[in-house]
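*Asks:* The numbering of the sequence shown is this note's numbering, which starts it at 38 and goes up by one.
A single structure is presented below for examination.
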Amino acid sequence: MRKKIVAGNWKMNNDINQTIALLDELIAKKPETTSAKLVVAPSFINLTTAVAKTNGTGIIVAAQNMHQAESGAFTGEVSADMLKSAHVNTVILGHSERRAYFGETNEILAKKVDTALAHGFTIIFCFGEELADRQSENHFAVVESQLREGIFHIAQENWANVVLAYEPVWAIGTGLTASPEQAQEMHAFIRNLIATAVSPAVAEATSILYGGSVKPDNAAEIFGKPDVDGGLIGGASLKADDFLGILKGIE
Ligand code: PGA
Numbered sequence: 038m039r040k041k042i043v044a045g046n047w048k049m050n051n052d053i054n055q056t057i058a059l060l061d062e063l064i065a066k067k068p069e070t071t072s073a074k075l076v077v078a079p080s081f082i083n084l085t086t087a088v089a090k091t092n093g094t095g096i097i098v099a100a101q102n103m104h105q106a107e108s109g110a111f112t113g114e115v116s117a118d119m120l121k122s123a124h125v126n127t128v129i130l131g132h133s134e135r136r137a138y139f140g141e142t143n144e145i146l147a148k149k150v151d152t153a154l155a156h157g158f159t160i161i162f163c164f165g166e167e168l169a170d171r172q173s174e175n176h177f178a179v180v181e182s183q184l185r186e187g188i189f190h191i192a193q194e195n196w197a198n199v200v201l202a203y204e205p206v207w208a209i210g211t212g213l214t215a216s217p218e219q220a221q222e223m224h225a226f227i228r229n230l231i232a233t234a235v236s237p238a239v240a241e242a243t244s245i246l247y248g249g250s251v252k253p254d255n256a257a258e259i260f261g262k263p264d265v266d267g268g269l270i271g272g273a274s275l276k277a278d279d280f281l282g283i284l285k286g287i288e
């Protein structure tokens, strides 16, 4: 059975007090048991606090990014070893904001993927087409090249540490969601691609999340699709009630 996952990407939101307050609320209100793994990705500076607060709660703390080099003269960057020493074992790579605003190409992302896997991370690998790609019906080709160039080179056994997150750029933070049918169509395409390029067993075992304006009132319909294994949530992960409302959508 594929893992179901609901992950909150807090982006550049929440100072240390807000981080503590949101985690306190999540911990107090979250269900005792759920079929999905709950992940939160605070900013780098709040990771240590988040790891300490969530200890023993089942909530997984992820980083939003990581540098591909081991160490060195990369001012402002954070390495795999630094994250590991803070007990962070999950990292989001390739988010569309990293691609669009920080120049992260498929080639750079392939290196980040290698570094993360070499250090034993679980990767949430993001990709998705822009509006112009969908309008010109290039969305399948764009997604295919993001996957082929960014992550399909990894060894088969490493797929156990990979979660994919399909996030159409036009749906991120816009209030425009892909319809459940559009999400399912793309997720099925991705799973078929993995089956052909990697193996049918890996395709069956890999969790594929949907991201882009998921809210409590549309989560159940999107998560109800057979190839959607959960979500990567931005805006709605900043309020405990909304995030947990989305989690309910997966049950
Ligand atoms: P959103 O962001 O839920 O605010 O659309 C999703 C994401 O960027 O991961």
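Think of the CB as a built atom: it goes at the ideal place given N, C-alpha and C, for glycine as much as any other residue.
Just so you know, these numbers come straight off a predicted model, no measurement behind them.
1. In chain order, what residues of the same chain lie with their CB nearer than 7 angstroms to the CB of Gly131, ignoring the 5 residues before and after it?
2. Val125 lies in the alpha helix (DSSP H); which residues open and close that run?
3. Under 7 angstroms from any heavy atom of ligand 1, does the C-beta of Glu204 make it?
4. Please list the segments of the beta strand (DSSP E) lying wholly inside the stretch 225-271, counting only runs of 3 or more residues, in order along the chain.
5. Would you call Ile209 buried or exposed, if buried means 16 or more other Cβ atoms sit within 10 Å of its Cβ?
6. Taking 6 angstroms as the limit, tell me which residues put their C-beta closer than that to any heavy atom of ligand 1, in chain order.
7. Would you check if the distance between the CB atom of Leu60 and the CB atom of Thr91 is smaller than 8 angstroms?
8. Measure the CB-CB distance between Val128 and Phe158 and report whether it falls below 8 angstroms.
9. Below 7 angstroms CB to CB, which residues in the same chain sit around Asn50 once its five sequence neighbours on both sides are set aside?
10. What would DSSP say about Asn51, mapped onto helix, strand or coil?
11. Spell out the partners DSSP gives Tyr203 in its beta bridges.
12. Compute the distance between the beta-carbons of Lys66 and Ala273, then report whether it is under 8 angstroms.
13. Going by other Cβ atoms of all chains shown within 10 Å of its Cβ, with 16 needed for buried, is Glu288 buried or exposed?
14. So, with DSSP's three-state summary, where would you put Ala106?
15. Let me confirm a value: Gly267 is counted as buried when at least 16 other C-beta atoms fall within 10 Å, else exposed. Which label applies?
16. Excluding the 5 residues flanking Glu9 on each side, which residues of the same chain have their C-beta closer than 7 angstroms to its C-beta?
17. To the nearest whole angstrom, what separates the beta carbons of Gln221 and Pro263, a pair I think is in contact under 8 angstroms?
*Replies:* Once the coordinates are examined:
1. Here residue 131 refers to the residue found at position 94 when the sequence shown is read from its first residue. Setting aside the 5 residues that flank it on each side, Gly131 is surrounded in the same chain by Glu141, Leu146, Phe162, Cys163, Phe164 and Gly187, each with a C-beta closer than 7 angstroms to its C-beta; the list follows chain order.
2. The residue given as residue 125 occupies position 88 in the sequence shown. Membership of Val125 in any alpha helix (DSSP H) is not indicated, and neither H nor E is assigned to it by DSSP.
3. Stepping through the sequence shown from its first residue, residue 204 is reached at position 167. Taking 7 angstroms as the cut-off, the C-beta of Glu204 counts as close to a heavy atom of ligand 1.
4. The stretch 225-271 contains, as complete beta strand (DSSP E) runs of 3+ residues, the segments 245-248 and 267-270 (chain order).
5. Start at 1 with the first residue of the sequence shown, and residue 209 comes out as number 172. With 16 or more other Cβ atoms within 10 Å, it is buried.
6. My final list is Asn46, Glu204, Ile209, Gly210, Gly248, Gly249, Ser250, Val251, Leu269, Ile270, Gly271, Gly272 and Ala273.
7. As a position in the sequence shown, residue 60 is number 23, starting the count at 1. As a position in the sequence shown, residue 91 is number 54, starting the count at 1. Cβ atoms of Leu60 and Thr91: closer than 8 angstroms.
8. Reading the sequence shown from its first residue, position 91 is the one you call residue 128. Reading the sequence shown from its first residue, position 121 is the one you call residue 158. In this structure, Val128 sits near Phe158, with a CB-CB distance shorter than 8 angstroms.
9. Residue mapping note: residue 50 aligns to position 13 of the sequence shown, counting from 1. These residues qualify, in order along the chain: Leu275.
10. Position 14 of the sequence shown holds residue 51. DSSP, reduced to helix, strand and coil, places Asn51 outside both helices and strands of the structure shown, so it counts as coil.
11. One-based indexing of the sequence shown puts residue 203 at position 166. Residue pairing by DSSP places Tyr203 opposite Phe164 and Tyr247 in a beta bridge.
12. By 1-based counting over the sequence shown, the position of residue 66 is 29. By 1-based counting over the sequence shown, the position of residue 273 is 236. In this structure, Ala273 does not lie closer than 8 angstroms to Lys66 by Cβ.
13. Here residue 288 refers to the residue found at position 251 of the sequence shown. With fewer than 16 Cβ atoms within 10 Å of its Cβ, Glu288 is classed as exposed.
14. Position 69 of the sequence shown, counting from 1, holds the residue named residue 106. The answer is coil: DSSP assigns Ala106 none of H, G, I, E or B.
15. To locate residue 267, count along the sequence shown from 1; it is residue 230. Classified as buried, Gly267 has 16 or more neighbouring CB atoms from the shown chains inside 10 Å of its CB.
16. Nothing can be reported for residue 9: it is not among the residues displayed for the chain, which extend from 38 to 288.
17. Counting from 1 along the sequence shown, the entry for residue 221 is found at position 184. Counting from 1 along the sequence shown, the entry for residue 263 is found at position 226. The beta-carbon distance between Gln221 and Pro263, rounded to whole angstroms, is 7 angstroms. This is short enough to meet the 8 angstroms contact definition.
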